[in-house]
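Numbering (our numbering), first residue to last: 1071 to 1573.
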């Protein structure tokens, strides 16, 4: 089967292959910071037209792979940025990282296109394409970044996520893109228009109905703007730490009820820095402070979030449990480290060790929060099995992500998580973008990128629990299975009818 797919006769023409690459790249322009959803729909629609023109499953699979490669190469181009922080050590890996990530994720699209061609019909393609986007949220620990449905993060249709999450947005997106390629194009175009207008109209109605409303609580987000290539330089560590302390103590009309520092903003092992933690609490005037740093544990190091009380006491601690592969750890890290191969953000040997799992923390006078450290925000499953918190709290170091698209895409996913859960979200980012987001995904306050700043803002009031927060992806999984069963059964009926003797 695989060898047949590589035969010249099984491959699309060079023009078709190039067109698929281009349409995939066009689809990526729907992602932040561009958010050009009409171009994205045009790109996905172009891939669907090429799929319709593919006479065989191998050709359809090649079209899917080329489209995916173009899409992921553009949308995930920021992946080269972490390797540029220390060019001498890691720069040579950058093109390989992007090529293998884009090409590897494109295999999922290839699978969707190839299998859909065997089943037949646009419905099979839309269902399988959506399923493959869902699969990459769990496959090999998962990487649901720049999912097709994310193109709506800056548009009213985002409100659909309260019902179907990212998979619901992805299914809607592909259904809209597929309409003009239907057997009756005018009918398909009409259906696509109805879906688009209905989703857009619903979103506008939700945003108009639910005006931003803040609780009588003020949070201060501290953004020290420590450049990644200088952050751990002994000559600059003290400068960045003092800057964060000064920002914490900055005067304000209203004293904040909570102060939040970003990920790894304390440059010393938290276990060994009682004096530093006490100084931070003193600068905060005794108010609760969230800081990010590293804990030294028996297993090595953990990426850690700590709530400080008066006098710098550690009131509560959360350890990051969903680590970044090849960033915070690498497989067989101890052995590979002897060969000079280490995770980009690793500390010793195999890098960081993961914490026990998600948990809630109590914020005095505010309520419960679900802490999320950087990368953990992109996984909706981080919210499963826990009591509903009062807010979502993310600390992150987006300095790794560069300045072009990475920080904006990370912020866009924060907006999506807020809508899915119907909860306010606060995020403190080292170099930006720090923000406060309401339960409908609206940014009520934010900083600029690459500036040292504080952000004092009111905490939005939580909305009622959403359908998605109660049922997660299970309704969408069931719906996709039913769609595929229906298409397979319909194909079998057609095959039986064609095989029956004519009377």
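Think of the CB as a built atom: it goes at the ideal place given N, C-alpha and C, for glycine as much as any other residue.
Nonlocal neighbours in the same chain, by C-beta distance under 6 Å from residue i, ignoring five residues either side
i, result
"residue 1207", "1214"
"residue 1417", "With a pLDDT of only 47 at residue 1417, under 50, the local geometry of the prediction cannot be trusted, and no value is derived from it."
"residue 1140", "1091, 1094 and 1095"
"residue 1444", "1333 and 1466"
Bounding residues of the alpha helix (DSSP H) (the contiguous stretch that carries residue i)
i, result
"residue 1316", "1304-1318"
"residue 1491", "1476-1491"
"residue 1274", "1255-1279"
"residue 1023", "The displayed coordinates of the chain run from 1071 to 1573. Any statement about residue 1023 would go beyond what the structure contains."
"residue 1538", "1537-1541"
"residue 1228", "Element bounds for residue 1228: n/a, residue is neither H nor E."
"residue 1199", "1192-1205"
"residue 1099", "Neither: residue 1099 is in no alpha helix (DSSP H) and is coded neither H nor E."
Residue i - partner residues in DSSP beta bridges
i, result
"residue 1443", "1465"
"residue 1365", "1372"
"residue 1506", "1496 and 1515"
"residue 1141", "None, per the DSSP bridge assignment."
"residue 1459", "In the DSSP output, where bridge partners are listed per residue, residue 1459 has none listed."
"residue 1177", "Beta-bridge pairing links residue 1177 to no other residue."
"residue 1438", "1432"
"residue 1450", "Beta-bridge pairing links residue 1450 to no other residue."
"residue 1422", "1371"
"residue 1378", "1359 and 1384"
"residue 1395", "1399"
Bounding residues of the beta strand (DSSP E) (the contiguous stretch that carries residue i)
i, result
"residue 1293", "1284-1293"
"residue 1299", "It is not in any beta strand (DSSP E) - residue 1299 instead sits in the alpha helix (DSSP H) that spans 1298-1301."
"residue 1528", "1523-1530"
"residue 1388", "1384-1389"
Close beta carbons around residue i, own chain, < 8 Å, minus the five adjacent residues each side
i, result
"residue 1034", "The requested residue 1034 is not part of the displayed model; the chain covers only 1071 to 1573."
"residue 1225", "1105, 1107, 1270 and 1273"
"residue 1287", "1327, 1328, 1435, 1436, 1528 and 1529"
"residue 1488", "1462, 1494, 1495, 1507, 1508, 1509, 1510 and 1511"
"residue 1521", "1293, 1295 and 1502"
"residue 1102", "1220, 1223, 1224, 1475, 1478, 1479, 1481 and 1482"
"residue 1330", "1289, 1290, 1291, 1292, 1359, 1360, 1463, 1465, 1496 and 1498"
"residue 1202", "1178, 1179, 1181 and 1182"
"residue 1285", "1528, 1529, 1530 and 1531"
"residue 1168", "1143, 1146, 1147, 1149 and 1150"
"residue 1348", "1381 and 1382"
Assumed close pair residue i, residue j - CB separation to whole angstroms, cut-off 8 Å
i, j, result
"residue 1137", "residue 1173", "At roughly 12 Å, the Cβ-Cβ gap does not stay under 8 Å, so residue 1137 and residue 1173 are not in contact."
"residue 1292", "residue 1317", "5 Å"
"residue 1038", "residue 1553", "Only positions 1071 to 1573 of the chain appear in the structure, and residue 1038 is not among them; the question remains open."
"residue 1231", "residue 1239", "6 Å"
"residue 1465", "residue 1332", "5 Å"
"residue 1200", "residue 1237", "6 Å"
"residue 1109", "residue 1100", "7 Å"
"residue 1396", "residue 1148", "Actually they do not touch by this definition, with Cβ atoms about 15 Å apart."
"residue 1422", "residue 1393", "6 Å"
"residue 1276", "residue 1312", "In fact, because the Cβ distance is near 44 Å, the residues do not count as touching under 8 Å."
"residue 1546", "residue 1356", "Rounded, the Cβ-Cβ distance is 47 Å, inconsistent with contact."
"residue 1248", "residue 1118", "5 Å"
"residue 1334", "residue 1373", "7 Å"
"residue 1297", "residue 1469", "6 Å"
"residue 1218", "residue 1244", "7 Å"
"residue 1535", "residue 1492", "6 Å"
"residue 1088", "residue 1130", "That pair is no contact at about 16 Å."
"residue 1515", "residue 1505", "7 Å"
"residue 1563", "residue 1194", "With a Cβ gap of about 15 Å, residue 1563 and residue 1194 do not count as contacting."
Closer than 8 Å to chain C by CB, residue i
i, result
"residue 1327", "Looking at the structure shown, chain C is missing, and only one protein chain is on hand."
Cβ neighbours of residue i in the same chain (closer than 7 Å, five flanking residues each side left out)
i, result
"residue 1307", "1337"
"residue 1561", "1189 and 1190"
"residue 1409", "Bear in mind that the predicted position of residue 1409 carries a pLDDT of just 49, short of 50, making it too unreliable to give a figure here."
"residue 1350", "1315, 1318, 1359, 1361, 1378 and 1382"
"residue 1429", "1388"
"residue 1086", "1120 and 1133"
"residue 1246", "1111, 1262, 1265 and 1266"
"residue 1537", "1232 and 1233"
"residue 1380", "1351 and 1356"
"residue 1427", "1391"
"residue 1369", "1423"
"residue 1259", "1249 and 1250"
In chain order, each alpha helix (DSSP H) run of at least 4 residues that lies wholly inside the segment 1105-1135: With a minimum length of 4 residues, the continuous alpha helix (DSSP H) runs that stay inside the segment 1105-1135 are 1107-1123.
Please go through the segment 1328-1365 and give each complete beta strand (DSSP E) segment of 3 or more residues, from N-terminal end onward. For the segment 1328-1365, whole beta strand (DSSP E) runs of length 3 or above, ordered along the chain, are 1328-1330.
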